[in-house]
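Residue numbers (the working numbering): 552 to 1079.
Every residue gets a Cβ at the ideal spot worked out from N, C-alpha and C, and that includes glycine.
I have placed the structure first, in the form of structure tokens, so that the comments after it can refer back to it.
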């Protein structure tokens, strides 16, 4: 579901009750429009400039090209989102099949999200500079090759490295989708197309859990967990055959890419995440402690360097001056808290259901899918709820999110190593609804207070924050999970007890969203 937020974290109109398809549409450069030119700002960066096309936007009469262009744009979204959830269901099987440690599984997940986070904005700017269709093709090709390497990996090290390459591919092709839709469809058709874009992510998130479970249950040709990666190879090949039906578009902007800023961000995050993942396993040796301590000054250096670029009127990797806005900073904190708990929950719930309750991967996928349905439905109706409650929808969502974790914790304490569908499913549904009510309207509320010229950069920061939060959440929950399992070693209720501790930690983290939500609601109401 963190991938669904990539859709909602591009909403940027000031009217909180505006329908999704209107909110999602990137703004048109008014100065250019007055001259009769159609411009499109990049929704993930400030490298916004006039779109250069090889042809006019498609119309209803464009026939075969028009019909094939839409699946060429939506299938990459389905592939990226469903892959994340398919892999999540398969983590226990992957660990067993490769004889890997829990830390190795964490690296398999965080290697992807960290790479995706660091290169996402760079990927958007590469599309502006070298052509969006070209970057879409390269990104999908890289993702497909990496999926093949994941599927044939004989050692966990190769699997982790291949997942990193998958992250590079996703960072190259995902930012291009919205830009290509905007560039190649006329305004009167974009509403329906953007609606399909959002629906694709929701369907992929829910279907991914079930597809992953089915593939493991069927065990085609004794592939076991490898099938969850190899299915992306088939889908990727189909997408590559369809991409030529998309007209090329780009931007005349040739601003230099901030590779130094990207490198500093990557180094700081890696120095933070690696010790968190490996520390528990290795007994916290001095090298990991030093790395953890040095991550803070490296990230401070990153912020200083980015501000230095801004003062010199150069395009930074991240516009750090945005954090001077209290509303924006509060919104980013909500993103970090919400998405870190979400990524952590998916990891430990997969282990709890499959190893603690001895569910099959398919059964586990169906159970977690109930949370996805709640999330998706809440997201769909969030605009109506927001129209009535305003920014207080965040308050309601944060309360329901915490309540969902606590209800699930109560269910685990009550049922132990058994499973009561009448308790688990409602708790997961409440959790999904709460998260959906926070995630869907959040960016609309936050970006409404940001200057129009900064919306692209702010949207990029929020989108990147999703992946960073997931990375850190997975790393931190691993410490709690392993410590709890060790403390209950030999107990028949070791997994339920460890899972219950994790749920209480996640509930405690989401409680911190409430004061931020109240502050955002207060500021939004005061500025109406």
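From the options, residue whose alpha carbon lies closest to that of residue i
i	options	result
residue 762	781, 713, 744	781
residue 620	642, 684, 677	684
residue 645	709, 671, 690	709
residue 532	952, 1064, 871, 630	Outside the shown range of the chain (552 to 1079) lies residue 532, about which nothing can therefore be said.
residue 702	638, 977, 885	638
residue 902	657, 986, 664	657
residue 943	890, 985, 980, 928	985
residue 811	857, 891, 664	857
residue 759	700, 718, 897, 789	897
residue 1046	907, 962, 665	907
residue 720	764, 663, 768	663
residue 669	883, 1011, 682, 916	1011
residue 826	839, 820, 834	839
residue 941	995, 652, 659	995
residue 790	690, 700, 673, 939	690
residue 980	989, 959, 1026	959
residue 713	673, 681, 754, 698	698
residue 822	809, 807, 848	848
residue 678	928, 929, 692, 726	726
residue 667	1016, 729, 743	1016
residue 929	916, 888, 989, 950	989
Local Cβ density within 10 Å of residue i, reported as buried at 16 or more and exposed below that
i	result
residue 863	exposed
residue 739	exposed
residue 571	Residue placement at residue 571 is poorly supported in this model, since its pLDDT is 32, which falls under 50; the coordinates still yield a value, given next. Buried, since its Cβ has 16 or more Cβ neighbours within 10 Å.
residue 1028	buried
residue 1037	exposed
residue 865	exposed
residue 546	A query on residue 546 cannot be resolved here, the shown segment of the chain reaching from 552 to 1079 and no further.
residue 1040	exposed
residue 886	buried
residue 1060	buried
residue 733	buried
residue 783	buried
residue 773	exposed
residue 737	exposed
residue 834	exposed
residue 1066	exposed
residue 650	exposed
residue 743	exposed
Separation of residue j from residue i, as counted between CA atoms
i	j	result
residue 706	residue 830	22 Å
residue 920	residue 954	19 Å
residue 1032	residue 731	42 Å
residue 715	residue 1024	18 Å
residue 1058	residue 956	5 Å
residue 925	residue 859	44 Å
residue 1073	residue 775	52 Å
residue 909	residue 686	43 Å
residue 876	residue 1013	14 Å
residue 935	residue 632	26 Å
residue 1062	residue 1056	10 Å
residue 748	residue 628	8 Å
residue 1021	residue 800	32 Å
residue 635	residue 844	31 Å
residue 1071	residue 948	13 Å
residue 978	residue 905	19 Å
residue 512	residue 861	This structure leaves residue 512 out entirely; the chain is present only between 552 and 1079.
residue 846	residue 1034	24 Å
residue 675	residue 964	46 Å
residue 1064	residue 873	20 Å
residue 770	residue 648	13 Å
residue 1081	residue 665	With the chain covering only 552 through 1079, there is no way to say anything about residue 1081.
residue 841	residue 1001	38 Å
residue 892	residue 1054	9 Å
residue 961	residue 673	44 Å
residue 837	residue 966	42 Å
residue 717	residue 694	5 Å
residue 939	residue 869	34 Å
Whole-number beta carbon distance between residue j and residue i, since they are thought to touch under 8 Å
i	j	result
residue 1009	residue 933	The pair is not a contact, with the Cβ atoms about 20 Å apart (cut-off 8 Å).
residue 786	residue 622	Contact doesn't hold; Cβ gap of about 11 Å is too wide.
residue 757	residue 923	4 Å
residue 878	residue 997	6 Å
residue 913	residue 765	6 Å
residue 832	residue 722	Not a contact, Cβ separation roughly 28 Å.
residue 661	residue 828	7 Å
residue 671	residue 1018	7 Å
residue 945	residue 1068	4 Å
heavy atom of the ligand SAM below 8 Å from residue i C-beta
i	result
residue 867	With respect to small molecules bound, the structure shown includes none, and the ligand SAM cannot be examined in it.
For the structure I just gave you, are there three or more beta carbon pairs, one from the region 841-856 and one from the region 809-817, closer than 8 Å? They touch, by the three-pair rule.
Determine contact between the region 970-990 and the region 1047-1054, defined as no fewer than three beta-carbon pairs at a distance below 8 Å. Flag = no, the region 970-990 and the region 1047-1054 do not touch.
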